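Following the UniProt record's numbering, the numbering of the sequence shown begins with 1 at its first residue and continues without gaps.
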Amino acid sequence: MQLADIYLSVRRQTFTWVDPGKFHREDFAAHTNGEVVSVCEGADGKIAGFISVWAADDFIHMLYILPEFQGKGAGTALLQSLPGWPEHKYRLKCLINNRDAKAFYLAHGFQVTGRGASPEGDYEELSFTPAPAK
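Structure representation (C-alpha coordinates):
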(Lines of atoms letter the chains of each structure in order from A and count residues from 1; the text may use other names and numbers.)
(Lines give C-alpha, C1' and ligand atoms only; values in the text may rest on other atoms or scores of the structure.)
Protein backbone atom coordinates (compact mmCIF):
# COMPACT_ATOMS: atom_id res chain seq x y z
CA MET A 1 0.00 0.00 0.00
CA GLN A 2 1.37 3.39 -1.01
CA LEU A 3 0.31 5.14 2.19
CA ALA A 4 2.21 2.66 4.35
CA ASP A 5 5.30 3.27 2.21
CA ILE A 6 4.92 7.05 2.55
CA TYR A 7 4.44 6.73 6.31
CA LEU A 8 7.53 4.56 6.69
CA SER A 9 9.85 6.55 4.42
CA VAL A 10 8.88 10.01 5.67
CA ARG A 11 9.16 8.94 9.32
CA ARG A 12 12.63 7.53 8.72
CA GLN A 13 13.72 10.69 6.86
CA THR A 14 12.18 13.15 9.32
CA PHE A 15 12.65 11.59 12.75
CA THR A 16 16.44 11.31 12.47
CA TRP A 17 16.79 11.25 16.27
CA VAL A 18 14.88 7.92 16.47
CA ASP A 19 16.41 4.56 15.57
CA PRO A 20 14.95 3.88 12.07
CA GLY A 21 14.64 0.21 13.00
CA LYS A 22 11.77 1.18 15.31
CA PHE A 23 9.63 2.09 12.28
CA HIS A 24 7.88 -0.65 10.31
CA ARG A 25 5.66 -0.75 7.23
CA GLU A 26 2.85 -2.43 9.17
CA ASP A 27 2.74 0.53 11.61
CA PHE A 28 0.48 2.41 9.21
CA ALA A 29 -2.44 -0.03 9.52
CA ALA A 30 -2.11 -0.17 13.31
CA HIS A 31 -1.67 3.58 13.77
CA THR A 32 -4.61 4.58 11.55
CA ASN A 33 -7.06 1.96 12.81
CA GLY A 34 -10.43 3.68 13.27
CA GLU A 35 -9.25 6.96 11.78
CA VAL A 36 -10.48 8.85 8.73
CA VAL A 37 -7.67 8.99 6.15
CA SER A 38 -7.63 11.39 3.21
CA VAL A 39 -5.02 11.62 0.45
CA CYS A 40 -3.66 14.37 -1.76
CA GLU A 41 -2.51 13.68 -5.30
CA GLY A 42 -0.02 15.63 -7.34
CA ALA A 43 -0.85 16.84 -10.85
CA ASP A 44 0.60 13.61 -12.24
CA GLY A 45 -1.79 11.49 -10.14
CA LYS A 46 0.95 10.35 -7.77
CA ILE A 47 -0.09 10.33 -4.11
CA ALA A 48 1.70 13.26 -2.49
CA GLY A 49 0.69 12.50 1.08
CA PHE A 50 -2.10 11.86 3.53
CA ILE A 51 -3.80 13.09 6.67
CA SER A 52 -5.45 10.90 9.30
CA VAL A 53 -7.91 12.14 11.89
CA TRP A 54 -9.44 10.59 14.98
CA ALA A 55 -12.83 12.17 14.28
CA ALA A 56 -14.38 11.64 17.73
CA ASP A 57 -11.84 14.07 19.24
CA ASP A 58 -11.13 16.26 16.18
CA PHE A 59 -7.54 15.09 16.59
CA ILE A 60 -5.18 15.22 13.62
CA HIS A 61 -3.06 12.15 14.23
CA MET A 62 -0.87 12.27 11.14
CA LEU A 63 -0.05 14.48 8.18
CA TYR A 64 2.73 13.09 6.00
CA ILE A 65 3.89 14.51 2.67
CA LEU A 66 6.54 13.02 0.40
CA PRO A 67 9.63 15.28 0.30
CA GLU A 68 9.21 16.15 -3.39
CA PHE A 69 5.75 17.58 -2.64
CA GLN A 70 6.63 19.45 0.55
CA GLY A 71 6.28 23.22 0.29
CA LYS A 72 4.01 22.92 -2.75
CA GLY A 73 0.58 23.11 -1.13
CA ALA A 74 -0.17 19.43 -0.46
CA GLY A 75 -0.24 19.85 3.32
CA THR A 76 -2.40 22.94 3.05
CA ALA A 77 -4.80 21.09 0.73
CA LEU A 78 -5.09 18.26 3.25
CA LEU A 79 -5.86 20.67 6.10
CA GLN A 80 -8.46 22.36 3.90
CA SER A 81 -10.05 18.96 3.24
CA LEU A 82 -10.89 18.52 6.92
CA PRO A 83 -14.61 18.63 7.72
CA GLY A 84 -15.57 22.15 8.70
CA TRP A 85 -12.12 23.65 8.07
CA PRO A 86 -11.46 26.46 9.00
CA GLU A 87 -14.57 27.00 11.13
CA HIS A 88 -13.95 23.90 13.24
CA LYS A 89 -11.48 23.38 16.10
CA TYR A 90 -8.74 20.76 15.63
CA ARG A 91 -5.73 19.72 17.67
CA LEU A 92 -2.60 17.63 17.19
CA LYS A 93 0.71 16.71 18.75
CA CYS A 94 3.94 17.80 17.06
CA LEU A 95 7.35 16.55 18.12
CA ILE A 96 9.52 19.45 19.26
CA ASN A 97 12.40 18.20 17.12
CA ASN A 98 10.16 18.36 14.03
CA ARG A 99 10.73 22.08 13.49
CA ASP A 100 9.50 22.19 9.88
CA ALA A 101 6.17 20.64 10.84
CA LYS A 102 5.74 23.03 13.76
CA ALA A 103 6.44 26.01 11.50
CA PHE A 104 3.87 24.68 9.01
CA TYR A 105 1.16 24.35 11.65
CA LEU A 106 1.89 27.74 13.21
CA ALA A 107 1.68 29.33 9.74
CA HIS A 108 -1.77 27.74 9.38
CA GLY A 109 -3.17 29.24 12.58
CA PHE A 110 -2.35 26.57 15.17
CA GLN A 111 -1.09 27.66 18.59
CA VAL A 112 0.86 25.79 21.25
CA THR A 113 -1.59 24.73 23.98
CA GLY A 114 0.31 22.04 25.88
CA ARG A 115 3.39 19.85 26.19
CA GLY A 116 4.13 16.19 26.77
CA ALA A 117 6.50 13.31 26.15
CA SER A 118 6.35 10.27 23.86
CA PRO A 119 8.71 7.43 22.92
CA GLU A 120 9.82 9.50 19.88
CA GLY A 121 10.57 12.56 22.03
CA ASP A 122 8.96 15.56 23.68
CA TYR A 123 6.03 17.11 21.86
CA GLU A 124 3.83 20.17 21.93
CA GLU A 125 0.09 20.02 21.61
CA LEU A 126 -1.07 22.46 18.97
CA SER A 127 -4.66 23.63 18.63
CA PHE A 128 -6.47 25.37 15.82
CA THR A 129 -9.25 27.56 17.13
CA PRO A 130 -11.36 29.31 14.50
CA ALA A 131 -11.53 33.07 14.58
CA PRO A 132 -14.77 34.36 16.10
CA ALA A 133 -17.47 35.12 13.57
CA LYS A 134 -17.70 38.81 12.70
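By construction, the Cβ of each residue, glycine as well, lies at the ideal position given by its N, Cα and C atoms. Owing to the predicted nature of the structure, the values given are computational and were not obtained by experimental measurement.
Practice task
Please list, in chain order, all residues of the same chain as Ala101 whose beta carbon is under 7 Å from its beta carbon, the five residues on each side excluded.
Solution key: Cys94
Exercise for the section: Would you list the residues sitting across from Lys93 in a DSSP beta bridge? Expected result: Per the DSSP secondary-structure output, Lys93 pairs in a beta bridge with Glu125.
Exercise for the section: Count the other CB atoms, across all protein chains shown, that sit within 10 Å of the CB of Leu78; report buried if there are 16 or more and exposed otherwise. Expected result: With 16 or more other Cβ atoms within 10 Å, it is buried.
Handout entry: Contact under 8 Å by Cβ, Glu124 with Val112
Key = Taking 8 Å as the Cβ cut-off, Glu124 and Val112 qualify as a contacting pair.
Practice task
Consult DSSP for Gly21 and reduce its assignment to one of helix, strand or coil.
Solution key: helix
Exercise for the section: Just mark Ser52 as buried or exposed, buried being the case when its beta carbon has 16 or more other beta carbons within 10 Å. Expected result: buried
Exercise for the section: Measuring alpha carbon to alpha carbon, tell me which of Asp5, Ala4, Arg11 ends up nearest Asn97. Expected result: Arg11
Handout entry: 8 Å Cβ cutoff met for Ser81 and Ser38
Key = yes
Problem - Short Cβ contact (8 Å threshold) for Gly49 with Gly71 - result: no
Handout entry: Exposure of Leu106, with buried meaning 16 or more beta-carbon neighbours within 10 Å
Key = Classification for Leu106: exposed.
Exercise for the section: Look at His88 and Asp57 and say whether their C-beta atoms are less than 8 Å apart. Expected result: No, they are not a contact pair.
Handout entry: For Gly116, the first and last residue of its enclosing alpha helix (DSSP H)
Key = No alpha helix (DSSP H) holds Gly116; the beta strand (DSSP E) holding it covers 110-118.
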